[in-house]
Each structure stands twice: as C-alpha cells, then as structure tokens.
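Chemist: For reference, the structure I am asking about is given below.
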Amino acid sequence: MKERGMIFNEYQVRALLDGSMTQVRRPIKWRQTRATEIAERDDGSMWPWSEDAEHVCDYWHPCPFGAVGDVIYVRESFSRLDSFNFFDPAVPHEVPDFWYWADGDPEWEDWTRPQSGAVMPRAASRITLEITGIRVEKLQTANESDLLNDLGDMLEHCETVAGRAFNHAEHYAIAGVPVGLCPEMHGFKAWWDKTNGAGSFDSNPWVWVIEFKVVPNVQDNPA
C-alpha cells in the first residue's frame, strides 16, 4: 500500500467531510506518440498503453495517483497556530495545531496567513481516503451528476468561477435564452477550464476517475 497527497479545494473538502464526494477526476498528462495511446484491455476497460519495442511487449501505464487499496491524504488550505490569548474566556482551553479554512474563518486566535494545500505537510492532513476504484474515460462521457460531484458545493457560492457561470446561465435559461448545457454544467465547464486551461472542457480529454472512501477515525474523518 502506498500513500500520496492530493490537493482538494475548500468546497471539495466540505463535500468529503459530509460524505457527498466519492470520486474525483484528473486529466491524463502524458506524452502521446505513435506508440502511445488509450487502448482497450482484456476486461474491456480503456487504459493508457505504450508499445515497448525494447522488450517486445505492451506497457500499461500505472495511474500516477495510486492503485486500488492505496491511500490518499487530503491536502487543503490551512494555517498554523501562531499565538493566542490564554486569558480570553472565549478561547477554548484546547486549541488545534492547525486551522483548516474549509471550516470558515476562525472566531478567535492569531493565525498565520492561509497556506496552499500544495505545501501542507502530511502531519497536518485531517482527511484520509482509500482508493476503491480507478478507471479511464473521456470527460464528457460521464453522467452529469458524477461531474457535478467534483465541484463540492461550489455552485452555491457566487464568488467561485463555477458559481458565477451557473448563475449567469440560469438567469439566461429562465429568460428563455438557449444556453446549450444545463446551467449547472456551465458551472462545471467554467471551473474545469480555469483549473486545467482554457478550452480543456471542449477538448473532451481522457481523465483518470479515482473512486474512494473516507477512512474513518483518522483525525477529523467522519466515522
């Protein structure tokens, strides 16, 4: 069993904590050549494949995010405890070593400025996931509910690119203006393009779909 970190934004973290997020998508990033393609395996599933001319055999690329049974520790925006007033009755007697910004702004304490999940040490991670399945598919072949699952609660927040796009599309749709995709999918498309590059949704890339379950009783993980 191997362990790797993966970055989730605050909206996705809340979905992990309430159990509503059970899978995530990441673009397949690899150098595609004449001898490298997405091919069908014996079980009918699609997977990145290369021809290994040196050893005269096929080479199926491993998923860089792990295999079934491996563990992902969630990396999210956080702050370290800086200092606090021991004499303030509003401050709990016990305070955590870290603040997680997915939980909102702290009502007490002096904290360091928010740090990106990219620099979160393993010891600070509060959510652990176990990979239960991995597959490869074209982004737009997934059903809409699975794609929207990747957003967490972003559509509810107008300050996010997904929330803004959703609200705009919804207003146009209510006014009878054709918007193509459903308003929620406009939100997903806007978020995907911002995260993975302009036009990446329309290019319909191959993606890794990583399914997981939350490992209970690990720091703040739900039991």
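If you read the sequence shown in the numbering used here, its first letter stands for residue 5, the second for the next number, and so on.
Don't be surprised by glycine CBs; every beta carbon is placed ideally from N, CA and C.
Bear in mind the structure is a predicted one, so any value in this text is a computation, not a measurement.
#1: Taking the alpha carbon of A122 as the reference point, which residue from F82, Q16 and T145 has its own alpha carbon closest?
#2: How close, in whole Å, do the beta carbons of K217 and L155 come, if the pair is a contact with beta carbons under 8 Å?
#3: Buried or exposed for S129, going by 16 or more other Cβ atoms inside 10 Å?
#4: Return the CA-CA distance between F12 and D150, expressed in angstroms with no decimal places.
#5: Can you give me the C-alpha to C-alpha distance between T136 and N171, rounded to a whole angstrom?
#6: What does D62 pair with, by DSSP beta-bridge criteria?
#7: Would you say the segment 59-79 touches the segment 102-109, given that touching needs at least three Cβ pairs under 8 Å?
#8: Just the Cα atoms here: how many angstroms apart are A43 and S54?
#9: Under 8 Å, do E174 and G167 count as touching if we go by C-beta distance?
#10: How would you call K193, buried or exposed, if buried means at least 16 neighbouring beta carbons within 10 angstroms?
#11: So which of L143, V213, M158 and S120 has the shortest CA-CA distance to G203?
#12: Since M5 and V75 are thought to touch, with beta carbons under 8 Å apart, how far apart are those beta carbons, to the nearest angstrom?
#13: Is R45 helix, strand or coil when you go by DSSP?
Modeler: So, to answer that:
#1: For the purposes of this step, residue 122 is identified with residue 118 of the sequence shown, where counting begins at 1. With distances taken between Cα atoms, A122 lies closest to F82.
#2: On the sequence shown, residue 217 is found 213 positions in, with the first residue counted as 1. On the sequence shown, residue 155 is found 151 positions in, with the first residue counted as 1. That belief does not hold up - the Cβ atoms of K217 and L155 are roughly 20 Å apart, past 8 Å.
#3: The residue given as residue 129 occupies position 125 in the sequence shown. Buried is the call here.
#4: Translated into positions along the sequence shown, residue 12 becomes position 8. Translated into positions along the sequence shown, residue 150 becomes position 146. Whole-angstrom Cα-Cα distance: 16 Å.
#5: The residue you call residue 136 lines up with position 132 of the sequence shown. The residue you call residue 171 lines up with position 167 of the sequence shown. One C-alpha to the other measures close to 34 Å.
#6: If you number the sequence shown from 1, residue 62 lands on position 58. DSSP output for D62 lists E55 as bridge partner(s).
#7: no
#8: Within the sequence shown, the letter at position 39 stands for residue 43. Within the sequence shown, the letter at position 50 stands for residue 54. Straight-line Cα distance between these residues: approximately 9 Å.
#9: Taking the sequence shown and counting its residues from 1, one reaches residue 174 at position 170. Taking the sequence shown and counting its residues from 1, one reaches residue 167 at position 163. No, the Cβ-Cβ distance between E174 and G167 is not below 8 Å.
#10: Position 189 of the sequence shown, counting from 1, holds the residue named residue 193. Buried.
#11: On the sequence shown, position 199 is the one that residue 203 refers to. Closest option to G203, Cα to Cα, is L143.
#12: For the purposes of this step, residue 5 is taken as residue 1 along the sequence shown, with counting starting at 1. For the purposes of this step, residue 75 is taken as residue 71 along the sequence shown, with counting starting at 1. So it is a contact: roughly 6 Å between Cβ atoms.
#13: Mapped onto the sequence shown, residue 45 falls at position 41. Looking at R45 - three-state DSSP - the assignment turns out to be coil, as it is neither helix nor strand.
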